[in-house]
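*Asks:* In this text, residue positions in the sequence shown follow my numbering: the first is 284, and each later residue adds one. Positions of the beta carbon are idealized from the N, C-alpha and C atoms, including for glycine. The structure's right below; bear with me while I get my questions together.
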Amino acid sequence: MHKETVLSTRPDREIRKKVITPGDYLLVPYEDSRCKIVLHDVRCTNEAGPCEIDPVSRIFCRAFDGNVLIGDSDSFIDKDFELVLQRMCCGETCEATLVYRNAEGTLMKEISCKVDLKEVTEEQLVSNWSWERLYEAAVHHKERGVDLIKQGRTADAFRRFNKALKMLIATEPLDPKVVSEQVVKDMVELKVKLYNNLAHCQLQHEEYEATLELCEKALKFDPANVKALYRKCSAHSGLHMYEDAWTDIQEALRLEPNDKAAQLKANSLKPKIEKINKEYTTVIKKMFG
Numbered sequence: 284m285h286k287e288t289v290l291s292t293r294p295d296r297e298i299r300k301k302v303i304t305p306g307d308y309l310l311v312p313y314e315d316s317r318c319k320i321v322l323h324d325v326r327c328t329n330e331a332g333p334c335e336i337d338p339v340s341r342i343f344c345r346a347f348d349g350n351v352l353i354g355d356s357d358s359f360i361d362k363d364f365e366l367v368l369q370r371m372c373c374g375e376t377c378e379a380t381l382v383y384r385n386a387e388g389t390l391m392k393e394i395s396c397k398v399d400l401k402e403v404t405e406e407q408l409v410s411n412w413s414w415e416r417l418y419e420a421a422v423h424h425k426e427r428g429v430d431l432i433k434q435g436r437t438a439d440a441f442r443r444f445n446k447a448l449k450m451l452i453a454t455e456p457l458d459p460k461v462v463s464e465q466v467v468k469d470m471v472e473l474k475v476k477l478y479n480n481l482a483h484c485q486l487q488h489e490e491y492e493a494t495l496e497l498c499e500k501a502l503k504f505d506p507a508n509v510k511a512l513y514r515k516c517s518a519h520s521g522l523h524m525y526e527d528a529w530t531d532i533q534e535a536l537r538l539e540p541n542d543k544a545a546q547l548k549a550n551s552l553k554p555k556i557e558k559i560n561k562e563y564t565t566v567i568k569k570m571f572g
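See below:
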């Protein structure tokens, strides 16, 4: 009888697995491996009894087709389940348990199931990917991130955008003899979009310093990017740096005078700037009589 193994633990989460039938230890899933699995005896409970697993889980939904691409999940439960798969061998059957608790230690959810890892398609390590494959993967993750933003899943979208950026950076340095000038231009444009999208995610969580840093990176590649200027303005406003915010939005309006969002932002900032200028004028008058 195999003992249960703790794969990952922290105060709010624990992931365990117990081998029922061993598999081929020479064939183990890793990042971007394609797995074919079968789930049995899926149960989910909390302190009140049976409960739903997660409405956005792909692996634990009724329509699940049994295919898992390691590293391509968005739901936090699916991501945790991938950790179980990465500790399995092809042909193995195990019992997996995912336990989630709140800050007080109350059991919020305990998911248990039996997993058959039927197939593992070996893939190249990411470090061995061609620039074409890395670029294709970056586009895929960026598009998936945009879909998640539309669903209101900002944290999941952030992870996708971040992964896309890592894939894009991994293509560098590019050989100009191999990569056309147009492709290089497309990659730069994608990088700017990713920095902007990451800034948007940070802004939603009021991470203003991080937003400024990402906007500066976008503007380094595209100084006339109005979206980056607008988000930089919003971050400066969040930090109560209204004069810097005013400079940002005025530059955005210089580039796009008819931009409605920029006009509204400028209108909301104008009273604050007028107040600052009035207070400054008062101080100067007192100083010089």
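#1: Less than 7 Å separating the beta-carbons of R427 and R442?
#2: Tell me which residue opens and which closes the beta strand (DSSP E) that S395 is part of.
#3: How would you write the range of the alpha helix (DSSP H) that H519 sits in, first residue to last?
#4: Got a sec? Which residues, its chain only, sit under 8 Å from D295 by beta carbon, not counting five neighbours each side?
#5: So which of V311, K460, A331 and E393 has the shortest CA-CA distance to L366?
#6: Just verifying my parser: in three-state terms, what is the DSSP assignment at V461?
#7: Based on the DSSP output, what are the partners of R317 in its beta bridges?
#8: Can you give the Cα-Cα distance for P242 and W414, rounded to whole angstroms?
#9: List the endpoints of the continuous beta strand (DSSP E) containing R299.
#10: Using 8 Å as the cut-off, can you tell me whether the stretch 337-356 makes contact with the stretch 303-320, which would need three or more C-beta pairs spanning the two stretches below that distance?
#11: Below 8 Å on the Cβ atoms is my guess for C377 versus V302; work out the distance and round it to an integer in Å.
#12: Give a yes or no on whether the C-beta atoms belonging to M450 and A421 are separated by under 7 Å.
#13: Assuming contact is defined by CB atoms lying nearer than 7 Å, are L536 and A528 in contact in what I supplied?
#14: In angstroms, rounded to a whole number, what distance separates the CA positions of Q400 and N480?
#15: Hey, is S291's beta-carbon within less than 7 Å of any beta-carbon in chain D?
#16: Between which two residues does the alpha helix (DSSP H) carrying L309 extend?
#17: Compute the beta-carbon to beta-carbon distance between A447 and L477, rounded to the nearest angstrom, for a pair I have assumed lies under 8 Å.
#18: What did DSSP end up calling S291 once you bin it into helix, strand or coil?
#19: Out of curiosity, what's the CA-to-CA distance linking Q465 and E539?
#20: To which residues of the same chain is L368 closer than 6 Å at the C-beta, ignoring the five residues directly before and after it?
#21: What residues in its chain sit with their C-beta under 8 Å from that of Y525, if we drop five residues either side in the sequence?
#22: Residues bridged to V382 by DSSP?
#23: Please list, in chain order, all residues of the same chain as T389 whose beta carbon is under 7 Å from its beta carbon, the five residues on each side excluded.
#24: Applying the criterion that 16 or more other CB atoms from any shown protein chain within 10 Å of the CB defines a buried residue, is E489 buried or exposed?
*Replies:* Reading from the atomic positions:
#1: Contact flag unset, no.
#2: Taken as a continuous stretch (DSSP letters only), the beta strand (DSSP E) holding S395 covers L390 to T404.
#3: Counted as a single uninterrupted DSSP element, the alpha helix (DSSP H) harbouring H519 occupies residues V509 to G521.
#4: The residues Y383, R384, N385 and A386, in chain order, have a CB closer than 8 Å to that of D295 in the same chain once the five nearest residues on each side in sequence are set aside.
#5: By alpha-carbon distance to L366, the top candidate from V311, K460, A331 and E393 is V311.
#6: Of the three classes helix, strand and coil, the one that applies to V461 here is coil, per DSSP.
#7: As computed with DSSP, R317 is found in a beta bridge with L352 and T404.
#8: Outside the modelled stretch of the chain, which goes from 284 to 572, sits residue 242, for which no answer is possible.
#9: According to the DSSP assignment, R299 belongs to the beta strand (DSSP E) that extends over R296 to T304.
#10: Taking 8 Å as the limit for Cβ pairs, the verdict is that the stretch 303-320 does touch the stretch 337-356.
#11: Distance from C377 to V302 at the Cβ level is roughly 5 Å; contact confirmed, criterion being Cβ atoms closer than 8 Å.
#12: Less than 7 Å separates the beta-carbon of M450 from that of A421.
#13: No, the pair does not count as a contact, with Cβ atoms beyond the cut-off.
#14: A quick correction: the sequence has Leu, not Gln, at residue 400. L400 and N480 have their alpha carbons spaced roughly 36 Å apart.
#15: Looking at the structure shown, chain D is missing, and only one protein chain is on hand.
#16: Unbroken run through L309: none, as it is neither H nor E.
#17: Indeed, because the Cβ distance is near 6 Å, the residues count as touching under 8 Å.
#18: In the displayed model, S291 falls within a strand according to three-state DSSP.
#19: Taking the straight line from one Cα to the other gives about 26 Å.
#20: Beyond the five residues adjoining it in sequence on each side, L368 comes within less than 6 Å, by CB distance, of P312 and C318 in the same chain, given in chain order.
#21: Closer than 8 Å at the Cβ level, and outside the excluded window around Y525, lie H519, L552, K555, I556 and I559.
#22: BP columns for V382 point to E297 and E393.
#23: Here T389 has E330 as same chain residues with Cβ atoms under 7 Å from its own Cβ, once five neighbours each way along the sequence are excluded.
#24: Exposed: under 16 other Cβ atoms inside 10 Å.
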